[in-house]
Amino acid sequence: MELLLATRSAHKVQEIRTILSGIPRLTVLDLDDIGLEWRDEEEALEPFDTFEENARSKVEYFYAKTGLPTVADDSGLEVDALGGAPGVRSKRFAPVEGLTGHKLDQANNNYLVERLGALELEKRTGQYVCVAALLGFASQMIVTRGEARGLILTEPRGDAGFGYDPYFFEPDLDMTFAELHPDQKNELSHRGKAFRALASILERMEI
Numbered sequence: 158m159e160l161l162l163a164t165r166s167a168h169k170v171q172e173i174r175t176i177l178s179g180i181p182r183l184t185v186l187d188l189d190d191i192g193l194e195w196r197d198e199e200e201a202l203e204p205f206d207t208f209e210e211n212a213r214s215k216v217e218y219f220y221a222k223t224g225l226p227t228v229a230d231d232s233g234l235e236v237d238a239l240g241g242a243p244g245v246r247s248k249r250f251a252p253v254e255g256l257t258g259h260k261l262d263q264a265n266n267n268y269l270v271e272r273l274g275a276l277e278l279e280k281r282t283g284q285y286v287c288v289a290a291l292l293g294f295a296s297q298m299i300v301t302r303g304e305a306r307g308l309i310l311t312e313p314r315g316d317a318g319f320g321y322d323p324y325f326f327e328p329d330l331d332m333t334f335a336e337l338h339p340d341q342k343n344e345l346s347h348r349g350k351a352f353r354a355l356a357s358i359l360e361r362m363e364i
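According to my numbering, the sequence shown is numbered sequentially starting from 158.
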């Protein structure tokens, strides 16, 4: 059975493929695999104020485009001292334009550190959130959610991961998400939790 992974992020594709790899008979395709090129209208797929609404919006769009069973997610960082920001605006948090990839990640991280200022480490709490939505294997949409708590550092640590990972500190392990082995990160991360929950549902469905 084929499942389309509806994301343009190569990092997400790699992580989610690994998490879902244990499901027998499931072949995970990405947008490049099916030759679905970027369209400007995709910029408008995340207009909502919750991760779930954005995930639902994306999965409905790509399912309608392809007719394939499709999964999409919306993820982000919620920082308690910032009232939950950047939240659903995590990818576009910094007030900059024209940046993509690593440069955009750097701008977002720099802006986050600037916003938190000299706040003590124990007060720099927050959580990563991921909501995954799937259409095509059941009569209704399947939605799962994962969260990972941590602290926001003032300086980056680690070379792996992406997004806010170099600053997102897991105190029990004394490591940032960017210092974790990929298997460790998939075990602890918001995305790992959301997609393992989804995998468990798919396994019970015996697709």
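Ideal Cβ placement from N, Cα and C applies to all residues, glycine included.
Candidates Gly224, Asn265, Thr184 and Gly274: which alpha carbon is nearest proline 243's?
One-based indexing of the sequence shown puts residue 243 at position 86. The residue among Gly224, Asn265, Thr184 and Gly274 with its C-alpha nearest the C-alpha of proline 243 is Asn265.
Return the first residue and the last residue of the alpha helix (DSSP H) that phenylalanine 352 is part of.
For the purposes of this step, residue 352 is taken as residue 195 along the sequence shown, with counting starting at 1. Phenylalanine 352 -> alpha helix (DSSP H) spans 347 to 362.
At which residues does the alpha helix (DSSP H) containing glutamate 217 begin and terminate?
Looking up residue 217 in the sequence shown gives position 60. Element bounds for glutamate 217: 208 to 223.
Please go through the region 224 to 280 and give each complete beta strand (DSSP E) segment of 3 or more residues, from N-terminal end onward.
227 to 236
Mind checking glutamate 330: buried by the 16 CB within 10 Å criterion, or exposed?
On the sequence shown, position 173 is the one that residue 330 refers to. Going by the sequence as given, residue 330 is leucine instead of glutamate. With fewer than 16 other Cβ atoms within 10 Å, it is exposed.
Between alanine 356 and the rest of its own chain, which residues show a CB-CB distance below 6 Å, the 5 nearest in sequence each way excluded?
Here residue 356 is taken as the residue at index 199 of the sequence shown, counted from 1. Only Leu177 and Ile180 meet the Cβ criterion.
Could you tell me which of Arg174, Trp195, Ile299 and Arg196 sits nearest to leucine 186, measuring between CA atoms?
Taking the first residue of the sequence shown as position 1, residue 186 is located at position 29. When only C-alpha atoms are compared, the closest one is Arg174.
When the Cα of phenylalanine 294 is compared with those of Arg196, Asp189, Leu359 and Gln284, which residue comes out closest?
Mapped onto the sequence shown, residue 294 falls at position 137. Answer by Cα proximity: Leu359.
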